[in-house]
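Written below as structure tokens is the structure these notes are about.
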Amino acid sequence: MDLAYLWFFIVGFLFVGYFVLDGFDFGVGMSLPFLGKDDISRRQIINTIGPVWDLNETWVIVAGACLFAAFPEWYATLFSGFYLALLLILLALILRGVSFEYRHQREGLKWKRGFDRMIVIGSAVPAFLWGVAVANIVQGVPLDADHNFTGTLLTLLNPYGLLGGLTTLLLFFTHGVYFVALKTDGQVHDDARRLATRSGLATLVAAAAFIVWTIANAIGAGAPLITLVVVAALIAALALVGSIVANLRNREGWAFGLGAVTVVFAVLMLWFALFPNVMPSTTDPAHGLTIANASSTPYTLTIMSWAALIFLPLVLLYQGWTYWVFRKRVSRSRIEQAAAVAH
Numbered sequence: 000m001d002l003a004y005l006w007f008f009i010v011g012f013l014f015v016g017y018f019v020l021d022g023f024d025f026g027v028g029m030s031l032p033f034l035g036k037d038d039i040s041r042r043q044i045i046n047t048i049g050p051v052w053d054l055n056e057t058w059v060i061v062a063g064a065c066l067f068a069a070f071p072e073w074y075a076t077l078f079s080g081f082y083l084a085l086l087l088i089l090l091a092l093i094l095r096g097v098s099f100e101y102r103h104q105r106e107g108l109k110w111k112r113g114f115d116r117m118i119v120i121g122s123a124v125p126a127f128l129w130g131v132a133v134a135n136i137v138q139g140v141p142l143d144a145d146h147n148f149t150g151t152l153l154t155l156l157n158p159y160g161l162l163g164g165l166t167t168l169l170l171f172f173t174h175g176v177y178f179v180a181l182k183t184d185g186q187v188h189d190d191a192r193r194l195a196t197r198s199g200l201a202t203l204v205a206a207a208a209f210i211v212w213t214i215a216n217a218i219g220a221g222a223p224l225i226t227l228v229v230v231a232a233l234i235a236a237l238a239l240v241g242s243i244v245a246n247l248r249n250r251e252g253w254a255f256g257l258g259a260v261t262v263v264f265a266v267l268m269l270w271f272a273l274f275p276n277v278m279p280s281t282t283d284p285a286h287g288l289t290i291a292n293a294s295s296t297p298y299t300l301t302i303m304s305w306a307a308l309i310f311l312p313l314v315l316l317y318q319g320w321t322y323w324v325f326r327k328r329v330s331r332s333r334i335e336q337a338a339a340v341a342h
């Protein structure tokens with residue numbers, strides 16, 4: 000296989016990893032107003048991702064770095080054209096990270112509630128805008144002959160882009176609530192299971208509409224991998240339904256696992272629909288970016304391939320080990336005991 004095509008799918012794999020891992024982080028953050036009935040329950044929810052949220056975010060850094068190195072033309076067009084949307088995502092991620100670190104530095108209720116609100120905002124904004132951005136990349140955006148984006152932020156807020164944003168917002172929310180149910184006990188666990196059922200059904204409606212629209216666009220554009228688009232869409236839909244059923248049967252592990260499968264194949268569906276383009280142009284198809292005209296030189300891609308072969312397995316092993324170490328549930332009683340000792 001040509002290395003440029005290989006790296007198209009490696010970049011896709013990195014974004015799959017990011018959306019699966021940081022996706023449930025976003026969902027956990029957005030669940031605070033619904034599940035955090037008191038400070039102990041809010042600490043219980045936040046502690047489920049406390050050891051891993053920053054590790055999960057590194058996936059987007061690696062994905063962006065690989066995108067820059069493997070597809071510089073794509074990177075330049077994307078980051079210049081989507082500058083404001085990506086800046087909002089960056090600011091939201093900074094806001095969320097600061098809130099996780101500073102929330103526990105003072106005991107005042109007003110102090111903690113302020114950072115809790117920032118966690119919610121810092122989780123919801125990226126969850127929505129990532130969906131808007133990826134949907135627009137797949138659908139295509141106005142580009143001139145020099146591959147420069149000629150639209151504005153409002154150009155991205157078209158019906159398909161907004162539906163993509165709503166779908167990722169609901170999907171990440173449900174994915175995160177599954178994780179809360181898996182990692183907690185007591186009232187938070189019970190409330191999370193009930194909330195996941197309601198949000199799962201809402202996600203199913205939005206996802207079904209988005210899947211149908213995506214397949215229709217792919218057929219209209221003559222996507223060469225349309226069979227894989229349909230297969231990935233069906234697997235994502237079945238996994239989402241399965242996660243809702245597993246949650247109803249109190250099988251939190253299965254619900255979370257199938258939620259992760261849903262995210263994986265939803266992203267793959269979009270990646271297959273995009274191939275062999277990386278940034279289609281709605282102004283003139285000739286102005287669009289493809290894998291062939293946006294990639295780096297074969298020498299650069301060869302060096303990157305050897306680096307990925309060596310370091311990517313190490314990253315996966317380290318991340319797997321981290322999750323294994325912090326695999327136990329976050330108990331409310333332990334947080335209460337810790338709070339009593341602190342006082």
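Numbering that gives the first Met the number 0 applies: residue 0 is where the sequence shown begins, and numbers increase by one. Here a beta-carbon is modelled for each residue, glycine too, at the ideal position from N, C-alpha and C. Computed from a predicted model, the values in this text were never measured in an experiment.
Check your understanding: Would you call the segment 151–171 and the segment 306–323 in contact, with 3 or more CB pairs under 8 Å?
Key -> no
Check your understanding: Under a Cβ-count criterion, where at least 16 other Cβ atoms within 10 Å of its own Cβ denotes burial, should Val204 be classed as buried or exposed?
Key -> exposed
Review point. Based on the DSSP secondary-structure assignment, which residues constitute the bridge partners of Asn276?
Key: Thr289
Exercise for review: Starting from Arg95, trace the alpha helix (DSSP H) both ways and give me its first and last residue.
Suggested key: 82–101
Exercise for review: Count the other CB atoms, across all protein chains shown, that sit within 10 Å of the CB of Asn276; report buried if there are 16 or more and exposed otherwise.
Suggested key: buried
Practice item. Could you pull the start and end residues of the alpha helix (DSSP H) that Asp53 belongs to? Key: 52–69
Exercise for review: Quick one: residues in its chain with C-beta nearer than 6 Å to the C-beta of Ala259, no 5 flanking neighbours on either side, listed in chain order?
Suggested key: Val19
Practice item. State the Cα-Cα distance for the pair Asn135 and Ala91, rounded to the nearest angstrom. Key: 20 Å
Exercise for review: Just tell me which of Gly80, Leu224, Lys182 has its CA closest to the CA of Leu155.
Suggested key: Gly80
**Study point:** First through last residue of the alpha helix (DSSP H) which encompasses Pro284
**Key:** That residue, Pro284, is in no alpha helix (DSSP H); it is neither H nor E in DSSP.
Check your understanding: For Leu142, which three-state DSSP category applies?
Key -> strand
Practice item. Can you grab the Cα-Cα spacing for the pair Leu366 / Ile118, in whole Å? Key: Lying before the first or after the last residue shown, residue 366 is absent from the chain, which here runs from 0 to 342.
Exercise for review: Please report how far the alpha carbon of His174 lies from the alpha carbon of His286, in whole angstroms.
Suggested key: 37 Å
Practice item. Would you mind reading off the limits of the alpha helix (DSSP H) that contains Arg390? Key: The structure shown does not extend to residue 390, since the chain spans only 0 to 342, so no value can be given for it.
Check your understanding: Considering only the beta carbon of each residue, do Phe78 and Ile290 sit closer than 8 Å?
Key -> no
Point to revise | N- and C-terminal bounds of the alpha helix (DSSP H) containing Pro158 | key: 158–182
Review point. Using the rule of at least 16 other Cβ atoms within 10 Å of the residue's Cβ for burial, across every protein chain shown, is Ile93 buried or exposed?
Key: exposed
Review point. Going straight from the alpha carbon of Phe67 to that of Asp37, what length do you get?
Key: 44 Å
Check your understanding: Arg331 and Val187: beta carbons closer than 8 Å?
Key -> yes
Check your understanding: Could you give the distance in angstroms between the alpha-carbon of Asn55 and the alpha-carbon of Thr282?
Key -> 36 Å
Review point. In three-state DSSP terms, what is Phe33?
Key: helix
Review point. Applying the criterion that 16 or more other CB atoms from any shown protein chain within 10 Å of the CB defines a buried residue, is Leu327 buried or exposed?
Key: The residue you asked about is not Leu; residue 327 is Lys in the sequence shown. With fewer than 16 Cβ atoms within 10 Å of its Cβ, Lys327 is classed as exposed.
Practice item. Figure out for me which residue from Thr57, Gln43, Arg95 has the closest Cα to the Cα of Gln336. Key: Gln43
**Study point:** Distance, Ser304 Cα to Leu288 Cα
**Key:** 22 Å
Review point. Whose CA, out of Ala62, Leu170, Arg116, lies closest to the CA of Arg197?
Key: Leu170
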